[in-house]
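S.K.: Chains as they are written, first to last, in the working numbering: chain S, 1 to 373; chain Z, 1001 to 1080.
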Amino acid sequence: MTRLKLIIITLLIAIAAPFAHAGEAADTASSKINPKEIIFEHLGDRYGWEMPFDHHHSIPLPIIVVASDGLHCFSSACVEHGKSYKDGDITFCIAGEDSKYHGKVVEIAADGEEIKPLDFSITKNACALFITVLIVAGIMLWLAAFLRKHPYKAPRKGLGGVEACVTFIYDGAVKSTLGPKAARFAPYLLTVFFFILVMNLTGLVVIFPGGANLTGNIAVTLVLAICTFLVTNLFANKHYWKEILWPDVPLWLKFPLPIMPVIEIFGMFTKPAALTVRLFANMMGGHMIVITLTLLIFIFSAINPVAGGASTVVSLIFSIFMLLIDVLVSFIQAYVFTLLSAIFIGLANEEHGHEKEAHTAKEIGKDVVDAII
Amino acid sequence: MFGLLAEIAPLVGLGASFGAGIAAIGAGLGIGKIGSAAMEAIARQPEAAGDIRSNMIVIAALVEGVALFAVIVCALALFL
């Protein structure tokens, strides 16, 4: 009975809240909601990190640019809200909406022209990457220190959970696909799994250490896929390269016009591309749906406060549902990325298995013929 | 001919929405088939349920990846 009361009270507060602001709607009617801009603002990168629950103030992050006269480093608080900042001889500001460098720091030359400098700033996404690295490294080094100090004890509680995850990935995804070579590639694969998992999960948290849409940024997933590409191809067998460049097919498919080798090389690049797009689209899609559902409340409230109230309840339930699915999708996408990387590495390190089998089949045939004769 | 193309240019939104809808249908059909095969397999041999479930989730993620390629192409059509 107390749980039902809790649910009902939550819903009533949720419905009543928009009505409380119905009076204000009249004077803020001029500030139209621009859904596309709000969605891209939440999914994109920015120079400061907004404070929890307060979008007007932000935690300043360093902006590091190489402009026409060298390195400049200043805080993002100097250029937020459209201010321009003069550092030495050069004025910097964040380009406005009608510029082709919208949202990025540009230097303003003497004739008012915007030049884009080389930008190495620690933006929100870069800062979140560092935080993710600290979290993953911290947890794993803690586990390693525990196991080094107590080599025959099983960890309990928090560390036990971490070890259970590591064992799940190692036994389930890495050892079962790679077999005897698992120990060689396990560091990379386990790192990729935990890195993607922590990036996805922190992207779902709303406030400060989380909230950066990292895996929904194609640059991040592209780099992860490039890492898999490099590990697959740099540690591959000679047999693997032979299969790509001079495959076991009829001569007309590979000699004057290298049709099969070109197809194989193309296939070599589509695998990381698929990894990139799968992870990127899943995570960006999840975030976009949640933001859109939340924006629906504001769009409907602008039309009619009653519709706003009703859509609040519906939108809230759907948003929570989508966020829970997003947590599940975070795990699944990290697992699938790791599993597919393991499979590609396994494929690149295959032995001469099938040639040996053909040999024994011929021998078996010979034995049968001899036995009959 | 280019005049006709210029006239139908605003329909790119329509095309992108149809594309995303068809991608969703494709994903639904594919994952439905995977799910039904997994259910039948678990019904035949309940002690293999854990193995079957892990494989089902992996393959569902792959099929969904393909559907999401289509969604990305539709989004690109809208914004490029």
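Glycine is no exception: its CB is placed at the ideal position from the N, C-alpha and C atoms.
1) Thinking C-alpha only, which one of S/Asp69, S/Ile343 and S/Arg46 is nearest S/Val105?
2) I'd like to know whether the C-beta of S/Ala182 is nearer than 8 Å to at least one C-beta of chain Z.
3) Could you check the C-alpha separation between S/Ser68 and S/Pro60 for me, to the nearest Å?
4) Relative to the C-alpha of S/Ile343, which candidate in S/Leu204, S/Lys149 and S/Asn233 has its C-alpha closest?
5) Helix, strand or coil for S/Pro256, going by three-state DSSP, please let me know.
6) Which runs of the alpha helix (DSSP H) fall wholly inside the stretch 111-174 of chain S and span at least 4 residues, in chain order?
7) On the criterion of 16 or more Cβ atoms from any shown chain inside 10 Å, does S/Leu245 qualify as buried, or is it exposed?
8) Buried or exposed: where does S/Ser30 fall if 16 or more other Cβ atoms within 10 Å of its Cβ makes it buried?
9) Can you have a look at Z/Cys1074 and say buried or exposed, based on whether 16 or more other CB atoms are within 10 angstroms of its CB?
10) Which of the three DSSP states, helix, strand or coil, is assigned to S/Trp246?
11) Give me the Cα-Cα distance between Z/Met1056 and S/Gly346, rounded to the nearest whole angstrom.
12) Could you give the residue range of the beta strand (DSSP E) that holds S/Leu71?
13) So Z/Leu1068 contacts chain S; which residues on that side make the cut at Cβ distance below 8 Å?
14) Output needed in chain order: residues of the stretch 1037-1066 of chain Z with a Cβ under 9 Å from some Cβ in chain S.
15) Just reading off the beta strand (DSSP E) that S/Pro62 is part of, what are its end residues?
16) Using a cut-off of 8 Å between C-beta atoms, extract the partners of S/Ile325 located in chain Z.
17) According to DSSP, is S/Glu363 part of a helix, a strand, or is it coil?
18) Check this for me: beta carbons of S/Ile265 and S/Leu224, under 8 Å apart or not?
19) Contact criterion: CB-CB distance below 8 Å. Does Z/Ile1034 meet it with respect to chain S?
20) Which same chain residues end up closer than 7 Å to S/Ala186 when comparing Cβ atoms and leaving out the 5 residues on each side of it in sequence?
21) From this set, S/Thr221, S/Leu323, S/Leu11 and S/Ile108, which residue's C-alpha is nearest S/Val79's C-alpha?
22) Using the Cβ count rule (16 or more neighbours within 10 Å means buried), how would you classify S/Leu141?
23) Mind reading off the beta-carbon distance from S/Ile297 to S/Met322? Whole number of angstroms is fine, and I expect it under 8 Å.
24) Assign S/Met374 to one of three DSSP states: helix, strand, or coil.
25) Under 8 Å, do S/Glu163 and S/Leu143 count as touching if we go by C-beta distance?
M.R.: Concretely, from the data shown:
1) As a working note, residue 105 of chain S is residue 105 in the first sequence. The shortest Cα separation from S/Val105 among S/Asp69, S/Ile343 and S/Arg46 belongs to S/Arg46.
2) Locating residue 182 of chain S in the first sequence gives position 182, counting from the first residue. Judged by the 8 Å Cβ criterion, S/Ala182 is not in contact with chain Z.
3) Counting from 1 along the first sequence, the entry for residue 68 of chain S is found at position 68. Counting from 1 along the first sequence, the entry for residue 60 of chain S is found at position 60. For S/Ser68 and S/Pro60, the distance between alpha carbons rounds to 24 Å.
4) Here residue 343 of chain S refers to the residue found at position 343 when the first sequence is read from its first residue. That would be S/Asn233, whose Cα lies nearest to the Cα of S/Ile343.
5) For the purposes of this step, residue 256 of chain S is taken as the residue at position 256 of the first sequence. Coil at S/Pro256, not helix or strand.
6) 124-149 and 157-169
7) As a first step, residue 245 of chain S is located in the first sequence; it is residue number 245 there, counting from the start. Classification of S/Leu245: exposed, given that the 10 Å Cβ count is below 16.
8) Against the first sequence, residue 30 of chain S aligns to sequence position 30. Its pLDDT being 43, under 50, S/Ser30 is placed unreliably by the model, and the measurement read from it follows with that caveat. Exposed is the call here.
9) One-based indexing of the second sequence puts residue 1074 of chain Z at position 74. Classification for Z/Cys1074: buried.
10) Residue 246 of chain S sits at position 246 when you count from the first residue of the first sequence. Three-state DSSP puts S/Trp246 in coil, outside helix and strand.
11) Walking along the second sequence from the start, residue 1056 of chain Z turns up at place 56. Walking along the first sequence from the start, residue 346 of chain S turns up at place 346. Cα to Cα, Z/Met1056 sits roughly 21 Å from S/Gly346.
12) Residue mapping note: residue 71 of chain S aligns to position 71 of the first sequence, counting from 1. Counting along the chain, the beta strand (DSSP E) containing S/Leu71 begins and ends at Gly70 to Ser75.
13) As a working note, residue 1068 of chain Z is residue 68 in the second sequence. The answer, in chain order, is Val277, Arg278, Ala281, Asn282 and Gly285.
14) Ser1054, Ile1057, Val1058, Ala1060, Ala1061, Leu1062, Glu1064, Gly1065 and Val1066
15) On the first sequence, position 62 is the one that residue 62 of chain S refers to. Pro62 to Ala67 is the extent of the beta strand (DSSP E) around S/Pro62.
16) Counting from one through the first sequence, the residue named residue 325 of chain S turns up at place 325. Neighbours of S/Ile325 on chain Z: none; closest Cβ ~12 Å, over 8 Å.
17) As a position in the first sequence, residue 363 of chain S is number 363, starting the count at 1. DSSP places S/Glu363 in helix when its eight states are reduced to three.
18) By one-based count along the first sequence, residue 265 of chain S stands at place 265. By one-based count along the first sequence, residue 224 of chain S stands at place 224. Their beta carbons are not under 8 Å apart, which means S/Ile265 does not touch S/Leu224 by this criterion.
19) Counting from one through the second sequence, the residue named residue 1034 of chain Z turns up at place 34. So no, Z/Ile1034 is outside the interface.
20) As a working note, residue 186 of chain S is residue 186 in the first sequence. If we look at S/Ala186 and ignore the five residues flanking it on each side, its Cβ neighbours are Tyr170 and Val174.
21) On the first sequence, residue 79 of chain S is found 79 positions in, with the first residue counted as 1. Cα-wise, what sits closest to S/Val79 is S/Ile108.
22) If you number the first sequence from 1, residue 141 of chain S lands on position 141. Label assigned to S/Leu141: exposed.
23) Locating residue 297 of chain S in the first sequence gives position 297, where the first residue counts as 1. Locating residue 322 of chain S in the first sequence gives position 322, where the first residue counts as 1. Going by Cβ atoms, the distance from S/Ile297 to S/Met322 rounds to 14 Å, so no, they are not a contact pair.
24) Nothing in the structure corresponds to residue 374 of chain S, since chain S is present only between 1 and 373.
25) As a working note, residue 163 of chain S is residue 163 in the first sequence. As a working note, residue 143 of chain S is residue 143 in the first sequence. Yes, they are a contact pair.
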